Every structure is written in structure tokens, then in C-alpha cells.
Amino acid sequence: ETGVTQSPTHLIKTRGQQVTLRCSSQSGHNTVSWYQQALGQGPQFIFQYYREEENGRGNFPPRFSGLQFPNYSSELNVNALELDDSALYLCASSIPPDTQYFGPGTRLTVL
Amino acid sequence: TQLLEQSPQFLSIQEGENLTVYCNSSSVFSSLQWYRQEPGEGPVLLVTVVTGGEVKKLKRLTFQFGDARKDSSLHITAAQPGDTGLYLCAGTGLSGNTGKLIFGQGTTLQVKP
Numbered sequence: 154e155t156g157v158t159q160s161p162t163h164l165i166k167t168r169g170q171q172v173t174l175r176c177s178s179q180s181g182h183n184t185v186s187w188y189q190q191a192l193g194q195g196p197q198f199i200f201q202y203y204r205e206e207e208n209g210r211g212n213f214p215p216r217f218s219g220l221q222f223p224n225y226s227s228e229l230n231v232n233a234l235e236l237d238d239s240a241l242y243l244c245a246s247s248i249p250p251d252t253q254y255f256g257p258g259t260r261l262t263v264l
Numbered sequence: 682t683q684l685l686e687q688s689p690q691f692l693s694i695q696e697g698e699n700l701t702v703y704c705n706s707s708s709v710f711s712s713l714q715w716y717r718q719e720p721g722e723g724p725v726l727l728v729t730v731v732t733g734g735e736v737k738k739l740k741r742l743t744f745q746f747g748d749a750r751k752d753s754s755l756h757i758t759a760a761q762p763g764d765t766g767l768y769l770c771a772g773t774g775l776s777g778n779t780g781k782l783i784f785g786q787g788t789t790l791q792v793k794p
């Protein structure tokens, strides 16, 4: 148990739809990072939020966007879903520069 | 672009055998972390290595960071079925953004009883 929770656990969408994934960080952690993990691969960094501001972004298109709220929870939004967006989406919380603690992930399937 | 290459990608061994997983890069990392991930769960941190040449032990697991901080290895002694899982190495670059972990593609370990 890392204290990081994500919802929903599983989600099925169709191409072109939009999706919002949610992450509650561990108590006291002000930073949330989001990762995409395709089947059989390691996670890839999408972006990080620190005190409600984006603080670094990986090689993902603008249709991947996010928010961080005053309580440091976070959302990942993906517009115009594509088949290749099917993956496990992980969030991790931390107090930089310390260890990131990962949530269990949201499994997104795009049909 | 910093990349981490893990090898082997898949390992199936019998209980009691030893194994080593490698994590290599042409880039220098300020630190390297090893995670273990089980199906349906997020990665769980096993260890962080920071100093070149550093060796850390966690029960039957031994982790080493290369002298040049470009590579790392994970050695498991007398593997047990409970060690089965996906092992991931992840590095923090020298750019200073400690939030951006660069992961290897993972090594799937299966330990048969």
C-alpha cells in the first residue's frame, strides 16, 4: 500500500472519445507524475505536476492534458482517443527529490 | 534522448537458481532505481542507487550501480516462486527533473517451483 489511489480501475472507450483518469496522491505529497505503460513495456513519462503547475512533459501529443488541484490530487485527460492509447496509466506521487510512489493504475482499453 | 536497455527481456528458471538482470545505457544517470511490478498493480520500489560503484543488498537481492553511473545490475540468489514478476530499472537524468523517471522495457521473471 503506497497510499496513492487511482480511479477507475478499468475503462473501455471507443476511438474518438475522451477520457478522464483520476489520482489521489499520498498525504503530504505535492507532486504527481503520470506514466503510460503499454503491454509488455516499461512505463513512459507523460508529464508531472508540482503545486498545480505542469513541471515537465514527455513526448506525448497535446491531446494528453492534465490538472492538479489544491489538495494535490490530479487528473489526466485524453481527447480523441486512438487505439494505441490502450495501456495501463500510472500515477506516482512524491515530495521532490524523494522517491515516487505509484498507484495501482487504470487499465484503459480503446476499441 | 536517454535510454535504458534491460536484458534479458524474459527469464524462466527453476526455484533455487541464481539470476542476473542487466540495465545498460550510454548516458549517465544521477540515480537508478529498481522496481518490481505484479500484474494489475503499480511498480513497487526495491532500491535506489546513487553513487558509482555502489552495492546494496536486500535479503537475496543484490543491486550494483556501475562506476560510471551508466549501468546497473540486479542479482537474485536462490530464486523463489514469490520472486516472479516484472522487474524494471528506472533512471533519473542529470537534467535535474527528478520527477521524470526513464524506465527500461522490463524483465519478466518466472520462477517455477
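Top line first, the protein sequences correspond to chains A and B.
The first sequence: position 21 = 174 (my numbering), numbered continuously.
The second sequence: position 94 = 775 (my numbering), numbered continuously.
Positions of the beta carbon are idealized from the N, C-alpha and C atoms, including for glycine.
Just so we're clear, the structure is a prediction, and the values are computed from it rather than from any experiment.
Could you tell me which chain A residues have their CB closer than 7 Å to the CB of residue i, listed as they occur along the chain?
i, result
"GLN786 of chain B", "GLN194, GLY195"
"LEU726 of chain B", "THR252"
"LEU769 of chain B", "GLY195"
Are residue i and residue j closer than 8 Å when you measure CB to CB?
i, j, result
"ASN212 of chain A", "GLN201 of chain A", "no"
"LEU174 of chain A", "GLU235 of chain A", "no"
"SER807 of chain B", "LYS751 of chain B", "Because residue 807 of chain B is not part of the residues shown, which for chain B are 682 to 794, the question remains open."
"PRO689 of chain B", "THR765 of chain B", "no"
"GLN159 of chain A", "CYS244 of chain A", "yes"
"VAL231 of chain A", "THR167 of chain A", "no"
"PRO794 of chain B", "GLU696 of chain B", "yes"
"GLN687 of chain B", "GLN786 of chain B", "yes"
"GLN745 of chain B", "LEU726 of chain B", "no"
"GLN197 of chain A", "TYR188 of chain A", "yes"
"GLY734 of chain B", "ASP748 of chain B", "yes"
"LEU755 of chain B", "VAL702 of chain B", "yes"
"HIS182 of chain A", "SER247 of chain A", "yes"
"LEU261 of chain A", "LEU192 of chain A", "no"
Under the rule that 16 or more other beta-carbon atoms within 10 Å means buried, what is residue i, buried or exposed?
i, result
"SER150 of chain A", "In the structure displayed, chain A extends from 154 to 264; residue 150 of chain A sits before or after that span and is not available."
"THR184 of chain A", "buried"
"LEU782 of chain B", "buried"
"PHE691 of chain B", "exposed"
"ALA760 of chain B", "buried"
"ASN179 of chain A", "Reading off the sequence, residue 179 of chain A comes out as Gln, not Asn. Buried."
"ASP238 of chain A", "buried"
"ALA771 of chain B", "buried"
"GLN253 of chain A", "buried"
"GLN221 of chain A", "buried"
So which residues of chain A does residue i contact, with C-beta pairs closer than 8 Å?
i, result
"LYS781 of chain B", "SER186, PHE198, GLN201, GLY209, GLY211"
So which residues on chain B does residue i lean against when the C-beta distance must stay under 9 Å?
i, result
"PRO257 of chain A", "GLY721, GLU722, GLY723"
"LEU243 of chain A", "GLY723, PRO724"
Listing by chain order, which chain A residues have their CB less than 9 Å from the CB of residue i?
i, result
"LEU700 of chain B", "Neighbours of LEU700 of chain B on chain A: none; closest Cβ ~19 Å, over 9 Å."
"THR729 of chain B", "THR252"
Quick one: list the residues of chain B neighbouring residue i, beta-carbon separation under 8 Å, in chain order.
i, result
"LEU229 of chain A", "In chain order: nothing, as chain B lies at least about 14 Å away."
Strictly by DSSP, which residues pair up with residue i?
i, result
"SER160 of chain A", "A:ARG175"
"GLU206 of chain A", "A:TYR203"
"VAL731 of chain B", "Answer by DSSP bridge pairing: none, since VAL731 of chain B is not bridged."
"PHE746 of chain B", "B:SER753"
"ILE628 of chain B", "Because chain B spans 682 through 794 in this model, residue 628 of chain B falls outside it and cannot be assessed."
"ARG717 of chain B", "B:VAL725, B:TYR768"
"LEU790 of chain B", "B:LEU692, B:GLY766"
"TYR703 of chain B", "B:SER688, B:SER754"
Inset, instruction - Assess, as a yes-or-no matter, whether the segment 242-260 of chain A is touched by the segment 737-746 of chain B under the definition of 3 or more beta carbon pairs within less than 8 Å. - result: no
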